[in-house]
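So the number in the numbering used here is just where the residue sits in the sequence shown, counting from 1, plus 313.
Heads up, the beta-carbon is just placed ideally off N, CA and C, and yes, glycines get one too.
Scroll down for the structure; my scribbles are underneath it.
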Amino acid sequence: MLKNTFITAHKPGSKDQEEGKVENDKGLLQKLQDFELPKVIQADIASWICVANTLAITTALFAAVQISLNAIVEQLLEGRDSTAWRVLRWFMYASVLINIGGTASAISVVNLASSLPNEARSCILNKQDSVPRKWLTADKPLPESLLRAESTFSRLEAFGMPKIFSFITRAMLFSFFFGSFSLFVSLYLWVFLTQTRAAAAALVPAAIPALSLVFSVIWY
314 MLKNTFITAH
324 KPGSKDQEEG
334 KVENDKGLLQ
344 KLQDFELPKV
354 IQADIASWIC
364 VANTLAITTA
374 LFAAVQISLN
384 AIVEQLLEGR
394 DSTAWRVLRW
404 FMYASVLINI
414 GGTASAISVV
424 NLASSLPNEA
434 RSCILNKQDS
444 VPRKWLTADK
454 PLPESLLRAE
464 STFSRLEAFG
474 MPKIFSFITR
484 AMLFSFFFGS
494 FSLFVSLYLW
504 VFLTQTRAAA
514 AALVPAAIPA
524 LSLVFSVIWY
């Protein structure tokens, strides 16, 4: 048995195979040093970072505006306990919390998108059957299923993006929508409760287009 083991360990082809493996590893490491994500992945990352930066600034500004408005309204709420004023207070603080959540989600999206190149390199080194490794070593195009417009999240996940990324991006968009909606409602209720009915009615034509723009984000 020992003799067979010795013979197997010293087969002439074994050394050649080991040397070939070492050369392949060196070639992979050389490619990895200059590795860049496919342009379609780079476009996805750039798009989401741009959207997230925009929404981070917008939701933070909305939260600041709402907090300033809350400080003014709270002075008027003394001695007022009707249902309308309670509804106003609910939308006031819901707007602050939701917009702050939207800002946090947007920052998370930027961080995850920015770290994707490192995640892709990790997949190449540790997962032989991963899409980025096959794409880098075999020099083959990405599958058609990953190039479709509706496959954005699948495409990013194939290159190492955590699955939670799709959830965070949706949370960011919905936070922007509901935070903006709550801000508009609180502003309108404040006008409705403190101004004349004519002034409140005149505000409707201006509020509808603004809300329509907010709704359009959901269909993006």
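Shown here for Lys476: same chain residues with a beta carbon closer than 7 Å to its own, the five before and five after excluded, namely Glu470 in chain order.
Burial of Val386 is indicated by the presence of at least 16 other C-beta atoms within 10 angstroms of its C-beta.
Spatial neighbours of Leu459 in its own chain (CB-CB distance under 7 Å, excluding positions within 5 residues in sequence) are listed in chain order as Ser467, Arg468, Ala471.
Straight across, the Cα-Cα distance linking Lys352 with Asp442 is about 21 Å. Look at the beta carbons and you see the segment 414-430 not touching the segment 496-514: under three pairs across the two are nearer than 8 Å. Contact between Ile380 and Val409 holds, with the beta-carbon distance rounding to 6 Å and staying under 8 Å. In the DSSP annotation of this structure, Thr509 is not part of any alpha helix (DSSP H), being labelled neither H nor E. Within the model, the alpha-carbon separation for Leu486 versus Thr450 is close to 37 Å. In chain order, Asn383, Ser499 place their CB closer than 6 Å to the CB of Met405, counting only its own chain and leaving out the 5 sequence neighbours on each side. Exposed is the label assigned to Pro454, since fewer than 16 other Cβ atoms lie within 10 Å of its Cβ. Between Ser495 and Ala433, the C-beta spacing is not below 8 Å. Pairing Ser488 with Glu391, the inter-Cα distance amounts to about 30 Å. Here the alpha carbon of Cys363 sits roughly 41 Å from the alpha carbon of Ala511. With fewer than 16 other beta carbons inside 10 angstroms of its own, Leu389 counts as exposed. Runs of the alpha helix (DSSP H) spanning 4 or more residues and lying entirely within the segment 369-430 occur at 396-427, in chain order.
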